[in-house]
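Residue numbers (UniProt numbering): 1 to 325. Glycine is no exception: its CB is placed at the ideal position from the N, C-alpha and C atoms. Comments concern the structure below.
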């Protein structure tokens, strides 16, 4: 089993930006605690979305539009928001800029402008917009949260952590700030603090599988293999079709020389994703651990069927065949 590079753990990431409407939707859903109220809430949302969509299809930010009163900042703001909902980010910025020419102290326009710039991956400019929003509204969770995201993208991890912590002070019950605080702590190698952040996420949202997954990854890095296996098991209780969690769990069993458990985990991974060549290769390594060489060769062959240029199973198969096995 020497000199075989079969262990590659795979990480999952969520997306980091939050729109004001997302937070409102979360709060609204929390109120819909019964089936009837949830049904009513859903129908109200669909009705609003349909109306907005009809309006937005014709929305532009042109000065010659007869419907716009040039000095009404609220119209410019609303137009920008509508454009943003349709992912017309560059044009939405023009509307927000026009609103801000009329009313420079409009925190919501600065926030929305920052969100649009973030979507355009102009993170430095986005950060400046969030700074302006926070000067005007220092207790706004969404501005702190999205500024933290922009700072992370700029590689300013310590400043990003400060922003996430400000967001958490304002809304300690919002799990996403805790989660991305953990991801940022990972980037600077503070694994124990990151794990503590993920644990806080799970106190708030026990079924947020990305926090279990990230915790499993860090526990693996710390060689706390049994704890990592438990974390991946939690992922799979919530999302049994997550083949990467099966794969990573298989790698842990392989590391612990629990070959039968490893094979079972890899079998789950390749049942869900038969094209995942790394799982086929590592399954072969587990069969080698059990001295089941024919099954190992079959697994390496399957890996090569998926990816004929995958060097690791090529090497593994060549090594076995060269021994006359």
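Under the three-state reduction of DSSP output, residue 319 falls in the helix class. Residue 148 has its alpha-carbon roughly 43 angstroms from the corresponding atom of residue 304.
Nearest in C-alpha terms to residue 320, of all of 104, 203, 301, is 301.
Segment contact: the segment 114-133 against the segment 166-173, fewer than three CB-CB distances shorter than 8 angstroms; contact not assigned. Between residue 161 and residue 191 the beta-carbon gap is near 14 angstroms, outside 8 angstroms, which marks them as no contact.
Between residue 243 and residue 269, the C-beta spacing is below 8 angstroms. A buried status is given to residue 140, since no fewer than 16 other beta-carbon atoms sit within 10 Å of its beta-carbon. Minimum Cα-Cα distance from residue 76 among the listed residues 93, 174, 126 corresponds to 93. Rounded to whole angstroms, the gap between the alpha carbons of residue 145 and residue 110 is 14 angstroms. Counting other Cβ atoms within 10 Å of its Cβ, residue 271 stays below 16 and is therefore classed as exposed. Shortest Cα-Cα distance from residue 84 to any of 115, 103, 184, 235 involves 115.
For residue 224, the closest alpha carbon among the candidates 309, 195, 183 is that of 195. Annotation: the continuous alpha helix (DSSP H) that includes residue 169 extends over 157-170. The beta carbon of residue 157 sits closer than 6 angstroms to those of 184, 187, 188, all from its chain and outside the five residues before and after it, given in chain order.
Residue range 89-102 is occupied by the alpha helix (DSSP H) that includes residue 97. If you draw a straight line from the Cα of residue 122 to the Cα of residue 253, it comes to about 43 angstroms. Inclusion of residue 250 and residue 266 in the CB contact set at 8 angstroms is warranted, their separation being smaller than that value. For a cut-off of 8 angstroms, the C-beta gap from residue 127 to residue 107 is around 15 angstroms, too long to register as a contact.
Only exposed fits residue 72, as fewer than 16 other CB atoms lie within 10 angstroms of its CB.
Taking every protein chain shown into account, the CB of residue 79 has 16 or more other CB atoms within 10 angstroms, so this residue is buried.
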